[in-house]
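First residue of the sequence shown: 6, per my numbering; consecutive thereafter.
Glycine residues also receive a C-beta, built at the ideal position from the N, C-alpha and C atoms.
Please read the structure below before turning to the comments.
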Amino acid sequence: MYLPNVCMVISYTCNNFVFIQKKPLSAVIKEVCDGWNLPGPENYALQYADGVQTYITESNRLDIKNGCILRLTKAPGRCAEDLFRGIQSSDSGVRCESLKELASVSTDVTFAQEFISRDGHLLLVKIVEESNELVLNVIMTHTLVGFMELMDHGIVSWENLSSVFIKKIASFVNAKPTDASIQQVSLDILESMVLSSHSLFLQVKQEITMERLIAHLQVTNQQIQTKAMALLMALLQTAGEADRQVMMNIIHSSGSVQDEMAHYLYVLQSVTLNHLEPRMRTPLDCCSQEQRDILHGLRQAAFETESEGGLTNERRRSLCAKEFKKLGFSNNSNPGQDLVRTPPGLLALDTMFYFATRYPDAYNRFVLENSSREDKHGCPFARSSIQLTLILCEILRIGEPPSETGSDYHPIFFSQDRLLEELFCVCIQLLNKTWKEMRATQEDFDKVMQVVREQITRTLSSKPTSLELFKNKVNALNYSEILKLRQTERLHQEETLASPVLELKERLKPELLELIRQQRLNRLCQGTMFRKISSRRRQDKLWYCRLSPNHKMLHYGDVEEDTDNPPIETLQEKIPVADIKGLLTGKDCPHMKENKGKQNKEVLDLAFSITYDVEEYSLNFIAPSRTDVSLFCLWTDGLSVLLGRDMSSESMRSELEILLSMEIKLRLLDLENVPIPESAPVVPKPPSNYNFCYDFSQCN
6 MYLPNVCMVI SYTCNNFVFI QKKPLSAVIK EVCDGWNLPG PENYALQYAD
56 GVQTYITESN RLDIKNGCIL RLTKAPGRCA EDLFRGIQSS DSGVRCESLK
106 ELASVSTDVT FAQEFISRDG HLLLVKIVEE SNELVLNVIM THTLVGFMEL
156 MDHGIVSWEN LSSVFIKKIA SFVNAKPTDA SIQQVSLDIL ESMVLSSHSL
206 FLQVKQEITM ERLIAHLQVT NQQIQTKAMA LLMALLQTAG EADRQVMMNI
256 IHSSGSVQDE MAHYLYVLQS VTLNHLEPRM RTPLDCCSQE QRDILHGLRQ
306 AAFETESEGG LTNERRRSLC AKEFKKLGFS NNSNPGQDLV RTPPGLLALD
356 TMFYFATRYP DAYNRFVLEN SSREDKHGCP FARSSIQLTL ILCEILRIGE
406 PPSETGSDYH PIFFSQDRLL EELFCVCIQL LNKTWKEMRA TQEDFDKVMQ
456 VVREQITRTL SSKPTSLELF KNKVNALNYS EILKLRQTER LHQEETLASP
506 VLELKERLKP ELLELIRQQR LNRLCQGTMF RKISSRRRQD KLWYCRLSPN
556 HKMLHYGDVE EDTDNPPIET LQEKIPVADI KGLLTGKDCP HMKENKGKQN
606 KEVLDLAFSI TYDVEEYSLN FIAPSRTDVS LFCLWTDGLS VLLGRDMSSE
656 SMRSELEILL SMEIKLRLLD LENVPIPESA PVVPKPPSNY NFCYDFSQCN
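Structure follows, in structure tokens:
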């Protein structure tokens, strides 16, 4: 049929043509055909000439704008009939052109309805099912594009497709030497199948190998990468928890594409979580009956209140205010005011309601446990929930657009349909546990929230792959563990745990130990006053003991109470250091054995003795008091040094650590803000010879 190039500009004031909206469209088309002497106006239709060339119908004619350019073309039914016949032509050229045109015009829903009414889509399915290597790639591409465009209109169901067709489409994706255009549209078709029904998801999952799908992400064709990622995400979103876990394990094991895959997963996570942003940015509307009902539902779920039907308004308001206060709302007379702040806005109400309805036993236990405590010791549920929701929003970066280079995704996201709500349910119970561990009061609220934030952040950084794993890890990370980690990180930050620093410590230790040994000997040379304990435990006599300046003699003797640092000549008794055979402490001391069973632990901890002259004699000491344990350490360390033994007191270890820390800090002052490598740099090999010199004769 010959069709003249008839175009017109729609203008409601045009001299040549007036498009009257109230006139039937068939009458308008007849008027145009009569103007060009074209018979059979029922075979024609109007269509936009620019942009998306949509057919003009009675349902969309009101969308025509003043100045739009329309053209006269074949009617949708006539076009569908001609293409239906052309596709079945024995002439491959006609068939290819018909399929090419079909791929273009199938975007129009009016044409699609006409073509599908003739079972045209089944004709395309047949072409795919019966295809082989002899079918040209261009024909197959046009066939698949046309089929995809027809199905996108939702006129027919995806579930009517045969398993043969699904396997054929999957084979295009799995095959390596395949035309890129065919693979691209095949991935698109499979994605739509997966999202349409669970039964199709199972068939596609069975036919598509995850390894091959991941391999498509390595190709340079950006369109194939995008379509492959879309199909992968559709499979992950539709899969059950077990299937999703298996697929995530395959993804994580694909080390060669780990960085790129991580970026795609990060983008999907970011875009999905950002769907919560509107709720996060919306404050509670105190005039909304629905939102007020949710608040009262939280109250009623926590407390078995008396029937409110027979109460006066004043009594009812008083009862509600009392219970909202127990729930932890700051504004108990109007709790909605607590949720006006954004963020977290309505998202905090959503998480609280989800916890109360999904885990009612845990919710009741939390509220009742804390409402039974004193006001200052109870953990406020509402206040904690609002702050915890805000913390989770910040950690999950809800409301932040995805970065072009970001790759920090959480594997747990792909194992949960409602990640934020489920994390909240775990973390609100963690918060209550941490509150008790810290023995917190209302004044400690911010400190508790900081610890909880740290617990969540540290646990998520370990990339748990399931909610159960996250729950186990975060509960194991209690308050005492957080304190230990903070201490370790502080030491790392000060670089006192770096390998070179630890090596330097070992080199400094002998020198500092010698310093402590000299201090101990000097202290023994100064001497100490001790009390004698008789068999009747009388402490009425004093004696003094000191080491000679040459470290060869121990001088001791009785002294008066008001004597202060007696001269060494006044101490009549002495023991050569060379004759000392051993050092005894505690219950091993002779003076402790003599009164076995009568000495308390305090005296035992302060007692020490030296034996001399073939262990037949001993000199017995008891440090002055429990508060002077350092004197016990000083003397036992000093005597150990005289005997050539290692010092072993707790005081010595503490002093050594302090000296090492001070010395290291002083030596590292010049290296401030300079990172210390874990290992020493490689020393270059020496030159093969040293036959080189500088020619000074060239200098001016």
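Apart from the 5 residues on each side of it in sequence, Leu665 sits with its Cβ closer than 8 angstroms to the Cβ of Lys510, Leu513, Lys514, Leu517 in its chain, given in chain order.
Ranked by Cα distance from Leu352, the first of Pro283, Pro407, Gln342 is Pro283. In the DSSP annotation of this structure, the continuous segment of the alpha helix (DSSP H) that includes Cys84 starts and ends at 81-92. For Asp563, there is no enclosing alpha helix (DSSP H); the enclosing beta strand (DSSP E) has its first and last residue at 558-564. Within the model, the alpha-carbon separation for Arg522 versus Met652 is close to 8 angstroms. Restricting attention to Lys670, Trp548, Met558, the CA atom closest to the CA of Asp567 is found in Trp548. Less than 8 angstroms separates the beta-carbon of Cys84 from that of Val110. With contacts defined by Cβ atoms closer than 8 angstroms, Ile219 and Gln188 do not form a contacting pair. In the structure shown, the three-state DSSP call for Gln577 is coil. Around the CB of Leu488, fewer than 16 other CB atoms lie within 10 Å, so the residue is classed as exposed.
With a beta-carbon spacing of about 7 angstroms, Thr347 and Met285 fall inside the 8 angstroms limit used to define contacts. Annotated three-state conformation of Asn625 is strand, per DSSP. About 14 angstroms separates the beta carbon of Met357 from that of Ile396, a gap too long to meet the 8 angstroms contact definition. In the three-state reduction of the DSSP assignment, Tyr53 falls in the strand class. Within its own chain, the residues whose Cβ lies closer than 6 angstroms to the Cβ of Ser471, once the five positions on either side in sequence are excluded, are Ser420, listed in chain order. Look at the stretch 177-209 and you find these whole runs of alpha helix (DSSP H), each 4 residues long or longer: 185-201. A Cβ-Cβ distance of about 7 angstroms is found for the pair Ser614 and Phe626, placing them in contact under the 8 angstroms criterion.
Taking the Cα positions, Asn142 is about 16 angstroms away from Ala175.
Here Ile34 is near Leu51, since their CB atoms are less than 8 angstroms apart.
Between Ser389 and Leu436, the C-beta gap is smaller than 8 angstroms, which places the two residues in contact. Contact between Leu300 and Gly350 is ruled out by a C-beta separation of about 14 angstroms, above the 8 angstroms threshold.
For Val150, the closest alpha carbon among the candidates Ser186, Asn137, Ala180 is that of Ser186. Take Leu373, set aside five residues on each side of it, and no residue of its chain has a beta-carbon closer than 6 angstroms to its own. Beta-bridge partners of Cys398 (DSSP): none assigned. Of the residues Gln118, Ala503, Asp569, the one whose Cα lies closest to the Cα of Gly532 is Asp569.
In this structure, the alpha-carbon of Ser97 lies about 22 angstroms from that of Lys173.
Distance from the Cα of Val140 is smallest, within the candidate group Met153, Asp184, Phe120, Val161, for Asp184.
As the crow flies, the alpha-carbon of His147 is around 52 angstroms from that of Arg463. When secondary structure is reduced to three states using DSSP, Ala32 falls in the helix class. For Leu401, the CB contacts under 6 angstroms within the same chain, skipping 5 residues up- and downstream, are Leu278 in chain order. Looking at Pro44, Gln26, Ser95, the one whose alpha-carbon comes closest to that of Thr62 is Gln26. Only buried fits His268, as 16 or more other CB atoms lie within 10 angstroms of its CB. Rounded to whole angstroms, the separation of the alpha carbons of Ile417 and Glu86 is 52 angstroms. Counted as a single uninterrupted DSSP element, the alpha helix (DSSP H) harbouring Ser376 occupies residues 365-376.
Exclusion of the five residues before and after Lys592 leaves Leu609 as the residues of its chain whose Cβ lies within less than 7 angstroms of its Cβ.
Beta-bridge partners of Ala175 (DSSP): none assigned.
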